[in-house]
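Residue numbers (the working numbering), protein chains in the order written: chain A, -19 to 94; chain B, 403 to 510.
This is the structure:
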């Protein structure tokens, strides 16, 4: 079966712009979680979506938002980009909410803010 | 919040050697997992092991929940084992807290 697909793989944006990242989960998986990975802060949980509803949110400013569509695909948006938002953004899908043991991660989107 | 410490931060091995990676956590957890991040950035789920011992080929893991630590054993290491190994814990719900990782390099 196809894995978790994240697009785009690489992205370069300018400070102040906004960006939208996409995550298509494994077929049949209905939960999508997002994580940010930076050299300084490591891997940090952003949020989780299930049945088009945000179920859990990490400690990130309101500039970070997301949504989930009826086909379980998820997007995350970062507005007013800052240099510190440069990171690898990873999404993980699972069958249901909270099932981290069944996580399958995508290969990530590497965002560079200049 | 919960703290997760991994050791060693870096490990260099010759092919064929064995290694042990350690993960200490600061509070009781419902969930503990080990991941391997490959050179392309993808996190591969190795073990879901909140307690007990599991083995998968050359890899095995043990979690002693009462003493708040977990160990990942890699035997007969291969160059393809290189990458970063992360321990992650969950207290409740779906949020995982990751350690800083162990960077493993296996030389031929």
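Every residue gets a Cβ at the ideal spot worked out from N, C-alpha and C, and that includes glycine.
Identified DSSP bridge partners for residue i
i                      : result
residue 414 of chain B : B/507
residue 476 of chain B : B/421, B/461
residue 490 of chain B : B/435, B/500
residue 30 of chain A  : A/11, A/33
residue 74 of chain A  : A/11
Residue i to residue j span [Cα, whole Å]
i                      : j                      : result
residue -10 of chain A : residue 85 of chain A  : 17 Å
residue 455 of chain B : residue 501 of chain B : 20 Å
residue 16 of chain A  : residue 58 of chain A  : 12 Å
residue -17 of chain A : residue 407 of chain B : 30 Å
residue -2 of chain A  : residue 510 of chain B : 44 Å
residue 46 of chain A  : residue 33 of chain A  : 10 Å
residue 482 of chain B : residue 83 of chain A  : 22 Å
residue 66 of chain A  : residue 56 of chain A  : 14 Å
residue 43 of chain A  : residue 69 of chain A  : 15 Å
residue 474 of chain B : residue -4 of chain A  : 43 Å
Cutoff 6 Å; reference residue i; Cβ partners in own chain excluding five residues on either side
i                      : result
residue 4 of chain A   : -15, 53
residue 428 of chain B : 404, 405
residue 35 of chain A  : 28, 77
residue 449 of chain B : 436, 456, 463
Residues near residue i by beta carbon distance below 8 Å, same chain, minus five either side
i                      : result
residue 413 of chain B : 421, 423, 504, 505, 506, 507
Beta-carbon contacts of residue i that lie in its chain and below 7 Å, excluding the five residues immediately before and after
i                     : result
residue 31 of chain A : 10
Could you say if the segment 68 to 77 of chain A and the segment 9 to 25 of chain A meet the contact criterion of at least three C-beta pairs nearer than 8 Å?
-> yes
Between the segment 461 to 469 of chain B and the segment 405 to 422 of chain B, are three or more C-beta pairs nearer than 8 Å?
-> No contact exists between the segment 461 to 469 of chain B and the segment 405 to 422 of chain B.
Should the segment 18 to 29 of chain A be regarded as contacting the segment 421 to 434 of chain B, the criterion being three or more beta carbon pairs within less than 8 Å?
-> Fewer than three Cβ pairs drawn from the segment 18 to 29 of chain A and the segment 421 to 434 of chain B lie within less than 8 Å of each other, which leaves the two stretches out of contact.
Select from the segment 413 to 443 of chain B all residues with a C-beta closer than 7 Å to any C-beta belonging to chain A, and list them in chain order.
-> 433, 435, 442, 443
Using a Cβ-Cβ cut-off of less than 9 Å, give me the residues of the segment 62 to 86 of chain A that come near chain B, in sequence order.
-> 68, 70, 72, 74, 77, 78, 79, 80, 81, 82, 83, 84, 85, 86
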